[in-house]
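Undergrad:
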Amino acid sequence: MKEFVAKPLRNALTGLVQAGKIKALPERLDFDRPKQAEHGHLASNVALILAKAEGRKPRDLAAEIVAALPASEWIARSEIAGPGFINFFLQPAAFHAAIRNARHHRDQFGAGRMGGGEKVQLEFVSANPTGPLHVGHGRGAAYGASLANLLRFTGFDVQCEYYVNDAGRQMDILAASVYLRYLEELGVALPCAFPENAYRGDYVRAIAAHLRSREGDRLQRPAGALAGPAGEADPEAAMDALIARIKTALGPDYGILHSAGLDEILADIRDDLSAFGVHYDRWYSERSLMDKGAVAAAVERLKADGHCYLQDGALWFRATAFGDDKDRVLLRDNGAYTYFASDVAYHAEKFARGFARVIDMWGADHHGYITRVRAALRALGLDDNRLEVLLVQFAILYRGQEKISMSTRAGEFVTLRALREEVGNDAARFFYVLRRADQHLDFDLELAKRHSEENPVYYIQYAHARVYSLLRQADERSLSRPPAEVDLNLLQEERELGLADLLWRFPESVTQAAGDREPHQIAFYLRELAAAFHTYYNATRILVEEDPLRHARLALCTAVAITIANGLRLLGVSAPEQM
RNA sequence: GCGCCCGUAGCUCAACCGGAUAGAGCAACGGCCUUCUAAGCCGUAGGUUGCAGGUUCGAUUCCUGCCGGGCGCGCCA
């Protein structure tokens, strides 16, 4: 809709420039949607912006611009107001066009071309496969999936990826945890007490039980091979020692143990996300990165380019040369690469795959990590402006007043699956994106449960269902539905035009939300649209006897339904035709 | 201590890369169902945008300082 005004305004400004009345065009034209009806449907502050550079009074400039505006079938009138705003009042036809547009484009209404087919990679969740996803991950999942939908809808070529941290110490700890539970399954005495810092969740027992049913007691080893020296004070060191003993004792069979936990948990995560409507194009294994030597290669390259040095037996990356506040270890003195090293390799790999833009979604506690990754990218000669890092705050979980501490190892957490079963996918998806991702989210389970029947998501879905109810009613009473072409000029009421105007705001909101990477804007928009529809519905009889008026009103209603359905689809929420 | 994020109605949050009289939802209060779904609508009330300065036609938005909160500052991931 903004084009209806932007075009004549650009013409006017160009004309003034050619006539030498103003020096230059503004960098960009944007319009406000005034809150006050007296300020018109769209307002431009172009005269205020230009006034300074032109050395003119804003109101004088505005008058000149208005005088230069060509006639337009969409614009009813334009006024100069306040300090120098130009307020545009549009013809009803400008709003009717939204209805026509929505009905014509159907599920593509609101789609844009901003992305221009640009290849974007979006990585999100990427939780360590050491246990089921919890409600914190759910937020990242809902946010990432919605953002992916938004970017695709605005013309980006999006690939969603999950980075599987299947290498490293955490996986070994999981393997050790599974092994101890496995021994318990066999009824064998443990070589040590089950460690506090092992994974203690029940799912570990389940994995161990499955392992036993597959392998029997084949993985059992003599107690003497597993028991270590008692009295190790540091629990982390004790854990490392335990892992080492298990690896030695099991030899080649360690791989079976390792993948027993990984495979089962990863399958669970995939299944969970899929059921949540979150789909990935690729699951990228950290181990595969290691195995093909990509990590070593990335480190070698940093070394070759002189960005590294040896100190205390470790290999350091000179991150301070690229804006970080300290240097970072790539290769530890024990010969193992750091998480950072594989992440450098992973990001280099992403760009090598040809993505114009790479978007990472990380937990907000990783924000200190951004600088060093950017530093490494620059050191590798890559443009770190192509990397975008979005931070997602963890959801703080409450049960009533009581804050629930979440620890994966202790097995004390509410899983995403449990949440979905409790409040439903629709409510969960909607709740998660109802606020900005970089804000803390207080998730009260009691409240979520209580809201399950009076949830804001139902408010929006109900508006959608009401439209279909109208259509069903029309059929029952043998009142014809609107044909493809209806006389929208019959819609002249303020509410009807206002509702149609709101439809125009859908494509605008989509563009804005995608550009800002803020899906919550869609949720807010939908609530507003639903409210306007409910108001209209209550105030106006839709199913009137006269065919032309009924057709026009039903056309408006179906346009609303199309818009709601499209918006909900972007958020991964269903749009039921009946409730 | 240093760095990043945040302080907006009783609560949870918006506010369109500086715009006109700062908006919703929930909670509170008062109304609306023999006519298309009351999972709804209408109305009332609620604010010195943490504080103090600065930039300018104009600041919740940008800058500085202070107060308060969160996170980070490992050869962990």
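The UniProt record's numbering applies: residue 1 is where the first sequence begins, and numbers increase by one.
Here a beta-carbon is modelled for each residue, glycine too, at the ideal position from N, C-alpha and C.
1) Can you say whether residue 136 is buried or exposed, counting buried as having 16 or more other CB atoms within 10 angstroms of its CB?
2) Between residue 578 and the rest of its own chain, which residues show a CB-CB distance below 6 Å, the 5 nearest in sequence each way excluded?
3) Identify every residue that forms a DSSP beta bridge with residue 283.
4) Tell me whether the beta-carbon of residue 498 lies closer than 9 Å to the beta-carbon of residue 532.
5) Would you give the residue range spanned by the beta strand (DSSP E) that residue 585 belongs to?
6) Across which residues does DSSP place residue 415 in a beta bridge pair?
7) Exposed or buried, which one is residue 588 when buried takes at least 16 other CB atoms within 10 Å?
8) For the 8 Å Cβ check, are there 3 or more pairs between the region 77-88 and the region 472-492?
9) Between which two residues does the beta strand (DSSP E) containing residue 360 stretch?
10) Would you give the residue range spanned by the beta strand (DSSP E) that residue 557 belongs to?
11) Is the beta carbon of residue 256 less than 9 Å from the beta carbon of residue 173?
12) In the DSSP assignment, find the unbroken beta strand (DSSP E) run with residue 263 in it and report its ends.
13) Looking at the unbroken beta strand (DSSP E) that takes in residue 328, where does it start and where does it end?
14) Look at the Cβ atom of residue 314, then the Cβ atom of residue 329, and state whether they are nearer than 9 Å.
15) If contacts are defined as beta-carbon pairs under 8 Å, then residue 444 and residue 391 qualify, I think. What distance do you get, rounded to the angstrom?
16) Output the distance between the C-alpha atoms of residue 277 and residue 148, rounded to the nearest integer angstrom.
17) Looking at the strands, I want to know which residues DSSP matches up with residue 434.
18) Quick check: the region 325-344 against the region 110-122, are at least 3 beta-carbon pairs closer than 8 Å?
19) Check residue 199 in the structure and name its three-state DSSP category.
20) Assuming the contact rule is C-beta atoms closer than 8 Å, residue 360 and residue 380 should be a hit. Round their C-beta distance to whole Å, please.
21) Could you check whether residue 22 and residue 582 sit closer than 9 Å to each other, using their CB atoms as the reference points?
22) By the three-class DSSP mapping on this structure, what secondary structure does residue 395 have?
23) According to DSSP, is residue 85 part of a helix, a strand, or is it coil?
24) Are residue 48 and residue 12 closer than 9 Å when you measure CB to CB?
25) Quick test of your reading: residue 99 and residue 549, contact by CB under 8 Å. State the CB separation rounded to the nearest angstrom.
26) So, with DSSP's three-state summary, where would you put residue 542?
27) Does residue 469 come out as helix, strand or coil in the three-state DSSP assignment?
28) Give me the DSSP bridge partner(s) of residue 584.
29) Taking contact to mean at least 3 C-beta pairs separated by less than 8 Å, is the region 123-133 in contact with the region 189-205?
30) Please list the terminal residues of the continuous alpha helix (DSSP H) segment that includes residue 345.
31) Which runs of the beta strand (DSSP E) at least 3 residues long sit entirely within the UniProt domain "Arginyl tRNA synthetase N-terminal" (3-90)? Give them in chain order.
32) Using 8 Å for Cβ pairs, my map puts residue 272 next to residue 429. What's the rounded Cβ distance?
33) Just grab the DSSP bridge partners of residue 388 for me.
34) With C-beta atoms as the reference, is residue 258 less than 9 Å away from residue 356?
35) Taking DSSP as the reference, what is the three-state secondary structure of residue 157?
36) What does the alpha-carbon distance come out to for the pair residue 441 and residue 518?
TA: With the given structure in hand:
1) What you label residue 136 is simply residue 136 of the first sequence in a count that begins at 1. The residue is buried, with at least 16 neighbouring Cβ atoms inside 10 Å.
2) The residue labelled residue 578 in the question sits at position 578 within the first sequence. Excluding sequence neighbours, residue 578 sits near 465.
3) Start at 1 with the first residue of the first sequence, and residue 283 comes out as number 283. DSSP lists 162 as partners of residue 283.
4) Translated into positions along the first sequence, residue 498 becomes position 498. Translated into positions along the first sequence, residue 532 becomes position 532. Closer than 9 Å, so yes.
5) The shown model of the chain, from 1 to 579, leaves out residue 585, and the question about it has no answer.
6) For this step, residue 415 is matched to residue 415 along the first sequence. Its beta-bridge partners are 134.
7) Outside the shown range of the chain, which is 1 to 579, sits residue 588, and nothing can be said about it.
8) Not touching, per the Cβ criterion.
9) Sequence index remark: in the first sequence, residue 360 carries index 360 (1-based). Boundaries of the beta strand (DSSP E) around residue 360: 357-363.
10) Position 557 of the first sequence, counted from the start, is the residue given in the question as residue 557. Per DSSP, residue 557 belongs to no beta strand (DSSP E); it is in the alpha helix (DSSP H), 547-570.
11) Here residue 256 is taken as the residue at index 256 of the first sequence, counted from 1. Here residue 173 is taken as the residue at index 173 of the first sequence, counted from 1. In this structure, residue 173 does not lie closer than 9 Å to residue 256 by Cβ.
12) Position 263 of the first sequence, counted from the start, is the residue given in the question as residue 263. Element bounds for residue 263: not the beta strand (DSSP E) but the alpha helix (DSSP H), 254-275.
13) Along the first sequence, one-based indexing puts residue 328 at 328. Start and end: 328-331.
14) Looking up residue 314 in the first sequence gives position 314. Looking up residue 329 in the first sequence gives position 329. For residue 314 and residue 329, yes; Cβs fall inside 9 Å.
15) Along the first sequence, one-based indexing puts residue 444 at 444. Along the first sequence, one-based indexing puts residue 391 at 391. Rounded, the Cβ-Cβ distance is 23 Å, inconsistent with contact.
16) One-based indexing of the first sequence puts residue 277 at position 277. One-based indexing of the first sequence puts residue 148 at position 148. For residue 277 and residue 148, the distance between alpha carbons rounds to 12 Å.
17) In the first sequence, counting from the first residue as 1, residue 434 sits at position 434. Looking at the DSSP output, residue 434 shares a beta bridge with no other residue.
18) no
19) Residue 199 sits at position 199 when you count from the first residue of the first sequence. The answer is coil: DSSP assigns residue 199 none of H, G, I, E or B.
20) Within the first sequence, the letter at position 360 stands for residue 360. Within the first sequence, the letter at position 380 stands for residue 380. 16 Å between Cβ atoms; not a contact.
21) The chain is shown only over 1 to 579; residue 582 falls outside these bounds and no answer can be derived.
22) Indexing the first sequence from 1 puts residue 395 at position 395. Strand at residue 395.
23) What you label residue 85 is simply residue 85 of the first sequence in a count that begins at 1. It is a strand residue.
24) Here residue 48 refers to the residue found at position 48 of the first sequence. Here residue 12 refers to the residue found at position 12 of the first sequence. No. Outside cutoff.
25) Reading the first sequence from its first residue, position 99 is the one you call residue 99. Reading the first sequence from its first residue, position 549 is the one you call residue 549. So it is not a contact: roughly 14 Å between Cβ atoms.
26) As a working note, residue 542 is residue 542 in the first sequence. Correct three-state label for residue 542: coil.
27) The residue given as residue 469 occupies position 469 in the first sequence. It is helical.
28) No answer is possible for residue 584: it lies beyond the span of the chain, which begins at 1 and ends at 579.
29) yes
30) Within the first sequence, residue 345 is the residue found at index 345, counting from 1. Its alpha helix (DSSP H) spans residues 339-352.
31) Under the rule that a run must span 3 or more residues, the beta strand (DSSP E) segments found entirely inside the UniProt domain "Arginyl tRNA synthetase N-terminal" (3-90) read 42-44, 75-81, 85-90.
32) The residue you call residue 272 lines up with position 272 of the first sequence. The residue you call residue 429 lines up with position 429 of the first sequence. Not really, about 13 Å apart at Cβ, beyond 8 Å.
33) To locate residue 388, count along the first sequence from 1; it is residue 388. DSSP output for residue 388 lists 359 as bridge partner(s).
34) Against the first sequence, residue 258 aligns to sequence position 258. Against the first sequence, residue 356 aligns to sequence position 356. In this structure, residue 356 does not lie closer than 9 Å to residue 258 by Cβ.
35) Translated into the one-based positions of the first sequence, residue 157 becomes position 157. Strand at residue 157.
36) Position 441 of the first sequence, counting from 1, holds the residue named residue 441. Position 518 of the first sequence, counting from 1, holds the residue named residue 518. Near 15 Å, if we compare the C-alpha coordinates of residue 518 and residue 441.
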